[in-house]
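Residue numbers (UniProt numbering): 1 to 619. One structure below.
What follows is the structure in structure tokens.
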């Protein structure tokens, strides 16, 4: 099997995407393409985590002692406290069927003793047939590998999309319309259904392109008074949105704080009903869900006052919703950090008594459970909104005969909201992967089910957007938005790995002062020259020098590409002038004026087409 054939076999949901393209257009297909890309990425992440740490943890037995590969030769880590606290770690496992089901959705109880969470993994080596397996080192490296692989894949995807979307600045719209009208139809299509889908896709693409052109014309013809009104409206819209985002952050912080204080009380299980406890545990998720549902509607209404074209409006809508989702995550992280770093009235295992510090035994599992609940609740809300709200609106619009009600009840495929749901869910996975490694499996299952739920929505429950936009301009933007979220969550993840002290009661790093100590131990145990090289490579001076060299290299490549592009354009213009001169000489020697005019038109068209080709290749 060739490489192209192998990659073609991974092109899942190909037929479904073709049907969506014919029904909703390429703009909506870009969402499903993005969803498929994330599904495959998370599936690979799950396989990596499963075969590197989960399989070995479940299949092999842990050793009983700490050797020098784990704690070094100087024994600067206190293993006695870790062993004592690990023995006192307990989980509340109930025999009640309802409680067991609720524990599955909450990530508590019996779920805490599964491979889903960080606390399940050993801090010692595993006994293999021929050697021992360093679980703490494997756990740390696979966490870093997941983040690096995600970054590389995102950068590659962004560059690929940019390579396909960057076009010459002049006459782009005319070229696009001409290409679609005269060369957009594939005459190799033999099936009638496929031909109809292709024609619908071409129609929606033309509508999107023409709307872009009309908006550019309206923008160009604006008077000074109209520009003043537009800029004033944009200022007040953005000011109100900033206030709304601040209020959302405060609400999420206090919801998480109340939930933690309530659920970590020693006698909460005996004083309150299990459903009340469930509701309070999901309180931060509920608040985030309400904000994520209400704010996009408000943002959309405010965005109509700004006078942007459909593509730009989508971008601003996405940026604002990204800030909302990131603000939600930041406040959750801040609240969790305040709880787990509380240092008043702690016992020898660093567990509080509930006043003022919460009684959290294994804080890694506690944090993993929080992000597990967020992913589960986000999935439930997505399915409920799609099947419930959109299904009800479709039923009303199809059964009611009143034209006004039919128009109002019809639901469009909300592209910004759906894209941000994916970005939010993927961000939860990245930030929770250290605390709950198998959260990647949950994400894969959720994405698989969401694809078919959204496929049902796109094909039967919603209509194409009233203002379609060019999908080619947005594919790379979706990935850039995802990269912004990735770099934001890299800050808390990096801090946890390098500085935050692990819980002594559980997890693969319970004997260390920080998870990164396992790397320091390996370096200390290595040869002298390796230690020297490592310290030089990781020094601030070396990193700063490397960054400066990379910036200079990028600048050089950009300048070189621009120079080559200008040189080739000049060469094409000279060739066009040579053709015009030759045709004029032919005309003088016996040609007709008609032929001369035709030659000049042909030459001009050739120059335009070749210039556009060079510009596209140069990018």
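Each residue gets a CB set at the ideal place from its N, CA and C atoms; glycine is no exception.
Residue i versus residue j - alpha carbon distance
i	j	result
residue 217	residue 316	21 Å
residue 501	residue 105	28 Å
residue 70	residue 508	10 Å
residue 417	residue 244	17 Å
residue 619	residue 289	Reliability fails at residue 619, whose pLDDT of 43 lies under 50, so the model's placement of it is uncertain and the value that follows must be treated cautiously. Approximately 41 Å between the Cα atoms of the pair.
residue 25	residue 423	22 Å
residue 95	residue 113	15 Å
residue 584	residue 567	26 Å
residue 170	residue 421	In this predicted model, residue 170 has a pLDDT of only 46, less than 50, meaning its place in the structure is not dependable; the value taken from the coordinates is given anyway. Their Cα atoms are separated by approximately 36 Å.
residue 459	residue 395	14 Å
residue 595	residue 580	Bear in mind that a pLDDT of 46 at residue 595, under 50, signals an unreliable position, so the number given afterwards is only what the model happens to contain. Their backbone Cα atoms lie some 11 Å apart in a straight line.
residue 14	residue 414	22 Å
residue 255	residue 287	7 Å
residue 306	residue 323	19 Å
residue 560	residue 552	12 Å
residue 302	residue 294	13 Å
residue 206	residue 576	31 Å
residue 490	residue 542	21 Å
residue 556	residue 355	60 Å
residue 472	residue 451	Note on residue 472: pLDDT 48, under 50, position unreliable in the model; no value is reported.
residue 546	residue 535	15 Å
residue 364	residue 392	41 Å
residue 506	residue 120	7 Å
residue 366	residue 214	54 Å
Within 9 Å, strictly: CB atoms of residue i and residue j
i	j	result
residue 327	residue 248	yes
residue 427	residue 325	yes
residue 111	residue 53	no
residue 497	residue 516	yes
residue 12	residue 20	no
residue 116	residue 563	no
residue 482	residue 154	yes
residue 494	residue 439	no
residue 537	residue 330	no
residue 49	residue 144	no
residue 118	residue 63	no
residue 285	residue 227	no
residue 419	residue 318	yes
residue 342	residue 88	no
residue 381	residue 292	yes
residue 383	residue 453	yes
residue 375	residue 425	yes
residue 149	residue 45	yes
residue 486	residue 151	yes
residue 66	residue 442	no
residue 624	residue 455	Since the first residue of the chain shown is 1 and the last is 619, residue 624 is not available in this structure.
residue 410	residue 463	yes
residue 282	residue 379	no
residue 107	residue 93	no
First through last residue of the alpha helix (DSSP H) which encompasses residue i
i	result
residue 556	540-588
residue 21	14-24
residue 292	283-303
residue 447	439-456
residue 522	517-525
residue 71	68-71
residue 61	Counting along the chain, residue 61 falls outside any alpha helix (DSSP H), and DSSP gives it neither H nor E.
residue 365	363-384
residue 346	First-last for residue 346: undefined, no H or E at that position.
residue 97	97-106
residue 510	No alpha helix (DSSP H) holds residue 510; DSSP gives it neither H nor E.
Residues sharing a beta bridge with residue i, DSSP
i	result
residue 133	126
residue 532	According to DSSP, residue 532 bridges with nothing at all.
residue 80	Paired residues: none, contrary to the question.
residue 412	463
Near the ligand FMN: residue i beta-carbon under 8 Å from a heavy atom
i	result
residue 25	The ligand FMN is absent from the structure shown, which contains no ligands of any kind.
CB contact check: residue i to chain C, cutoff 9 Å
i	result
residue 229	Given the protein chain composition of this structure (a single chain), no chain C is represented.
Could you say if the region 122-129 and the region 56-63 meet the contact criterion of at least three C-beta pairs nearer than 8 Å?
-> The answer is yes - the region 56-63 touches the region 122-129, with three or more Cβ pairs under 8 Å.
Segment contact flag, the region 63-77 with the region 526-542, C-beta cutoff 8 Å, min 3 pairs = Look at the beta carbons and you see the region 63-77 not touching the region 526-542: under three pairs across the two are nearer than 8 Å.
Flag this pair as touching only if the region 391-403 and the region 289-303 have three or more C-beta atom pairs under 8 Å; answer yes or no.
-> Because the criterion of three Cβ pairs below 8 Å is not met, the region 391-403 and the region 289-303 do not touch.
Three-pair Cβ contact test at 8 Å for the region 376-393 versus the region 137-155 | In short, these stretches do not touch, since the Cβ pair count stays below three.
Is the region 445-453 touching the region 23-42 in the sense that three or more CB pairs, one from each, lie closer than 8 Å?
-> Contact holds: three or more Cβ-Cβ distances are below 8 Å.
Do the region 358-365 and the region 328-335 touch if we need at least three Cβ pairs shorter than 8 Å?
-> With a cut-off of 8 Å, the region 328-335 and the region 358-365 do not count as touching, because too few Cβ pairs lie within range.
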